[in-house]
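Engineer: Before I ask anything, let me first share the structure, which is written out below as structure tokens.
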Amino acid sequence: MIIGIVILILLILLSAFFSGSESALLSLNEFKIKHMIERKEKNSILIENLKSDPHRLLTAILIANNVLNLSASALATTIALQYFGEVGPAVSTGILTFLVLVFGEISPKAIATNHPEAFAKVAARPLDTTIKLLFPLVWIFEKLTKTLVKEKDADIPKMSEEELKSIIRYGEEEGSIDTEEKEMIHNIFELDDITVEEIMTPRNEMFSIQKDTKLIDALPEIKKMMYSRIPIYDEDHDHIVGILYTKDLIKQLDKKPLNTKVLSFAKDPLFVPTTMKINKLLNLFKKEKSHMAVIIDEHGGVSGIITLEDVLEEVVGEIYDETDKIEVMIKKINQNTAIVDGSAEFEHVNQELGLKIKTTKDDDFETISGYILQRADKIPDEGETLSFKKFDAIIEKIDGQKIKQIKIIKKVK
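Letter by letter, the sequence shown follows residues 136 to 548 in our numbering.
This is the structure we're talking about:
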């Protein structure tokens with residue numbers, strides 16, 4: 136009788152082992168297993184092999200678990216009959232159901248789910264042996280299930296963008312991915328949602344040179360602007376006829392006379408529509424071996440230009456090289472006064488100066504100058520003072536219709 140009880144306890148413990156093994160292995164995703172292999176953790180390659188055929192793994196675990204639970208049920212009934220007579224089967228069913236649920240299913244699965252790596256490393260070798268021992272049965276049941284379930288129904292779905300983002304968040308929480316890396320990966324997901332128009336250099340800020348300009352006249356401007364690629368136009372900015380690469384120009388300076396027109400140094404421009412997504416533009420840059428594109432609107436006019444650097448900055452943030460002048464967008468004079476560049480981002484100004492201005496979904500601006508133009512509903516004059524709820528704005532510099540510099544004086548209650 137004691138031997139029977141010992142065997143019953145052993146059967147429940149083995150059932151617990153297989154239940155926990157199932158939860159542990161199913162909790163481990165492909166990325167976690169690859170990470171374990173890279174760290175050369177115990178049985179990590181064996182775990183990968185087991186996971187490579189999940190159907191066979193689950194079939195073996197279910198066969199083993201069912202054999203153990205049926206054996207435990209038969210043994211428990213035999214023991215109960217000796218103790219309780221005719222009511223023994225009912226008693227054994229109640230007690231065994233409780234023991235299997237608590238100790239054979241719920242507890243081991245909870246432990247395995249909380250510690251999947253540790254559990255899987257211990258379980259891998261016994262599971263591999265079990266699959267080999269039960270191979271004839273596993274093979275039969277695999278064939279039966281594959282006959283019942285069509286192959287197309289068993290296809291594993293591709294991982295969605297949201298699932299990948301969840302893995303990245305988990306990686307950040309675990310400390311394997313830092314915040315900057317997470318932001319870069321999330322930015323990559325956004326590439327197919329952003330159009331070239333959203334990040335281009337607009338036409339009114341575009342530096343370009345007329346095609347008939349002689350080299351001797353163009354060189355001072357080229358040196359001053361220090362751009363590596365410059366659009367060349369014909370009649371006006373709606374007629375871009377080439378892109379001047381300054382590195383190619385430098386190579387040919389000693390071979391061409393200074394009265395040579397800049398067009399002779401230019402290469403054919405790459406044109407793209409305003410609606411093109413920047414992930415497609417990246418592929419086009421790669422295909423055409425180009426780093427700059429001219430953006431054309433629906434009427435055939437030039438909207439602006441975009442470079443490879445503009446696209447990369449959407450992923451990694453602002454990129455500066457040795458020729459870039461890093462401008463101070465907000466220069467504080469005192470606690471409540473600052474000189475602000477008109478192109479400074481509104482949210483940055485709002486936060487930096489503590490203005491606490493709330494925007495609405497109807498607001499259509501990104502810069503502080505955009506905020507002023509929308510709220511004032513006019514183009515202010517240079518030197519004009521505009522009063523808003525949270526601050527006064529003195530327009531210090533105007534370039535055409537563009538606000539270049541503003542003095543902001545925060546209102547203090």
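For glycine and all other residues, C-beta sits at the position ideal for the given N, C-alpha and C.
1. Mapping the DSSP letters down to three states, classify Glu444 as helix, strand or coil.
2. Does the region 471 to 480 touch the region 503 to 521, meaning 3 or more C-beta pairs lie closer than 8 Å?
3. Please confirm whether Asp369 and Lys346 have their CB atoms less than 9 Å apart.
4. For Leu192, which residues of its own chain have a beta-carbon under 6 Å away from its beta-carbon, when the five flanking residues on both sides are left out?
5. Work out the CA separation of Gln486 and Ile538 for me, nearest whole Å.
6. Could you pull the start and end residues of the beta strand (DSSP E) that Asn135 belongs to?
7. Please report the Cβ distance between Pro251 and Ala151, rounded to the nearest whole angstrom; I am assuming they are in contact, meaning their Cβ atoms lie under 8 Å.
8. Beta-carbon separation of Ala225 and Leu149 under 9 Å?
9. Buried or exposed: which applies to Asn204, given that a residue is buried once 16 or more other Cβ atoms fall within 10 Å of its Cβ?
10. Taking Pro408 and Pro366 to be in contact with their CB atoms under 8 Å, please state how far apart those CB atoms are, rounded to whole angstroms.
11. What is the C-beta distance between Ile541 and Glu531, in whole angstroms, given that I count them as a contact (C-beta under 8 Å)?
12. In its own chain, which residues sit with a C-beta less than 6 Å from the C-beta of Asp432, not counting the 5 before and 5 after it?
13. For Met360, report the span of its alpha helix (DSSP H) as first-last.
14. Suppose the cutoff is 8 Å on Cβ atoms and the five residues either side in sequence are ignored; what does the same chain contact list for Asp288 look like?
15. Can you round the beta-carbon distance between Ala209 and Ile147 to whole angstroms, since I take them to be within the 8 Å contact cut?
16. Report the rounded CA-to-CA distance for Glu176 versus Val257, giving the unit in angstroms.
17. Tell me, please, which residues DSSP counts as bridged to Ile538.
18. Is the number of C-beta pairs between the region 410 to 417 and the region 323 to 340 that are closer than 8 Å three or more?
19. With DSSP as the reference, please indicate the residues paired to Ser522 in a beta bridge.
20. Mind checking which residues open and close the alpha helix (DSSP H) that includes Thr232?
21. Check Ser208 in the structure and name its three-state DSSP category.
22. Residues in its own chain within less than 6 Å of Phe153 by CB, not counting five upstream and five downstream?
23. DSSP state of Gly477, grouped into three classes?
24. For Leu143 and Ala211, I'd like the C-alpha separation in whole angstroms.
25. Within this structure, are the beta carbons of Ser156 and Ala253 separated by less than 9 Å?
26. Who are the near neighbours of Asn394 in its chain, counting only those whose CB is closer than 8 Å to its CB and skipping five residues on each side?
27. Which partner residues of Met427 appear in the DSSP bridge assignment?
28. Taking only the alpha-carbon atoms, compute the straight-line gap between Ile529 and Lys358 and give it to the nearest angstrom.
29. Which word fits Asp243, buried or exposed, when buried means at least 16 other C-beta atoms lie within 10 angstroms of its C-beta?
30. Tell me whether Arg304 is buried or exposed, calling it buried when 16 or more other Cβ atoms sit within 10 Å of its Cβ.
31. On the three-state DSSP scale, how would you describe Gly310?
32. With DSSP as the reference, label Lys346 as helix, strand or coil.
33. Leaving out the 5 sequence neighbours to the left and right, which residues in its chain are closer than 7 Å to Val451 when beta-carbon positions are compared?
34. Which same chain residues, not among the five before or five after Thr265, have their C-beta less than 7 Å away from its C-beta?
35. Tell me the residue span of the beta strand (DSSP E) that contains Pro404.
Structural biologist: According to the structure shown:
1. Glu444 falls in the helix class under three-state DSSP.
2. Contact between the region 503 to 521 and the region 471 to 480 is present, because at least three Cβ pairs lie under 8 Å.
3. In this structure, Asp369 lies near Lys346, with their beta-carbon atoms less than 9 Å apart.
4. Counting only Cβ-Cβ distances below 6 Å, and skipping sequence neighbours, we find Leu185.
5. Rounded to whole angstroms, Ile538 and Gln486 show a C-alpha spacing of 20 Å.
6. In the structure as shown, the chain starts at 136 and stops at 548, and residue 135 therefore has no counterpart that could be examined.
7. The C-beta distance from Pro251 to Ala151 rounds to 16 Å, too long to fall under 8 Å, and the pair is not in contact.
8. No Cβ-Cβ contact shorter than 9 Å links Ala225 with Leu149.
9. Buried, since its Cβ has 16 or more Cβ neighbours within 10 Å.
10. By a beta-carbon distance limit of 8 Å, Pro408 does not contact Pro366. Their separation comes to about 17 Å.
11. So it is a contact: roughly 6 Å between Cβ atoms.
12. Apart from sequence neighbours up to five positions away, the residues of its chain that approach Asp432 with a beta-carbon distance below 6 Å are Thr409, Ser438, ordered along the chain.
13. From DSSP, the alpha helix (DSSP H) with Met360 extends over 350 to 360.
14. Summary for Asp288: the model assigns pLDDT 47, below 50, so the residue's position carries little reliability; its value from the coordinates is reported in the next sentence. Exclusion of the five residues before and after Asp288 leaves no residue of its chain whose Cβ lies closer than 8 Å to its Cβ.
15. Taking 8 Å as the upper bound for CB-CB distance, Ala209 and Ile147 are not in contact here, some 13 Å apart.
16. Distance from the CA of Glu176 to the CA of Val257, rounded to the nearest whole angstrom, comes to 11 Å.
17. Residue pairing for Ile538: DSSP places it in a beta bridge opposite Ile533.
18. Cβ pair count under 8 Å is three or more, so yes.
19. The partner list for Ser522 (beta bridge, DSSP) reads Asp527.
20. Secondary structure note for Thr232: its alpha helix (DSSP H) is the uninterrupted segment 223 to 234.
21. Here Ser208 sits in helix by DSSP.
22. Contacts found: Ile196, Ala199, Asn200.
23. Look at Gly477 here: in three-state DSSP terms it is coil, with no helix or strand label.
24. Roughly 7 Å separates the two Cα atoms.
25. In this structure, Ala253 does not lie closer than 9 Å to Ser156 by Cβ.
26. Here the set comprises Lys349, Leu350, Ile351.
27. Bridge partners of Met427: Thr442.
28. Looking at the two C-alpha atoms, the distance is approximately 34 Å.
29. It should be noted that the sequence gives Pro, not Asp, for residue 243. Buried, since its Cβ has 16 or more Cβ neighbours within 10 Å.
30. Classification of Arg304: exposed, given that the 10 Å Cβ count is below 16.
31. Of the three classes helix, strand and coil, the one that applies to Gly310 here is coil, per DSSP.
32. Residue state, collapsed to three classes: coil.
33. The beta carbon of Val451 lies closer than 7 Å to those of Met319 in the same chain, with the five residues before and after it left out.
34. Excluding positions up to five away in sequence, the list reads Ala195, Ala199.
35. Pro404 -> no beta strand (DSSP E), and no H or E assigned at all.
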